[in-house]
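Those letters in the sequence shown? Residues 1 to 93, per full-length UniProt numbering, in order. Have a look at the structure below, then the notes.
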Amino acid sequence: MWYDVVMTDLTDPRPPLSGWIMDAYELLAANSHNTTESQDRQSISRERALKVLRNSEELDLETGDATHAVSRLIDRGYLYEVNDELRVTIPEN
1 MWYDVVMTDL
11 TDPRPPLSGW
21 IMDAYELLAA
31 NSHNTTESQD
41 RQSISRERAL
51 KVLRNSEELD
61 LETGDATHAV
71 SRLIDRGYLY
81 EVNDELRVTI
91 PEN
């Protein structure tokens, strides 16, 4: 689980990530909400994101793993941070 890399859509400009981190991304995207500035942007607070990941029975992550997943998602462009909000990026097709 820790080392398998998921092949993403070839049109997706973001680098691929390990399967469990992509699972974390999908979970965070599903738990995000529209921002007040735009209905087109999904966001979740960093604190809530970490709580969602730690409380997920499917992922079963410890605090350090949840923090690592969020960091990798930011580093690779799947999320970006504005103040204390994590915004979900969705590639344009």
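All C-beta atoms, glycine included, are put in the ideal place defined by N, C-alpha and C. Predicted model, so just to flag it, every value in this text is computed and none were measured.
Whole-number beta carbon distance between residue j and residue i, since they are thought to touch under 8 Å
{"i": "I21", "j": "A69", "result": "5 Å"}
{"i": "R46", "j": "D84", "result": "5 Å"}
Nearest to residue i (by Cα), restricted to the options the options
{"i": "G64", "options": "N34, E57, L53", "result": "L53"}
{"i": "L17", "options": "D60, E57, A49, S71", "result": "S71"}
{"i": "R48", "options": "H33, D60, P15", "result": "H33"}
{"i": "P15", "options": "R76, T89, V82", "result": "R76"}
Reduced DSSP category for residue i - H, G, I as helix; E, B as strand; rest coil
{"i": "I90", "result": "coil"}
> Along the chain, which unbroken stretches of the alpha helix (DSSP H) at least 4 residues long are found entirely within the stretch 5-79?
Replying inline: 19-30, 46-55, 63-75
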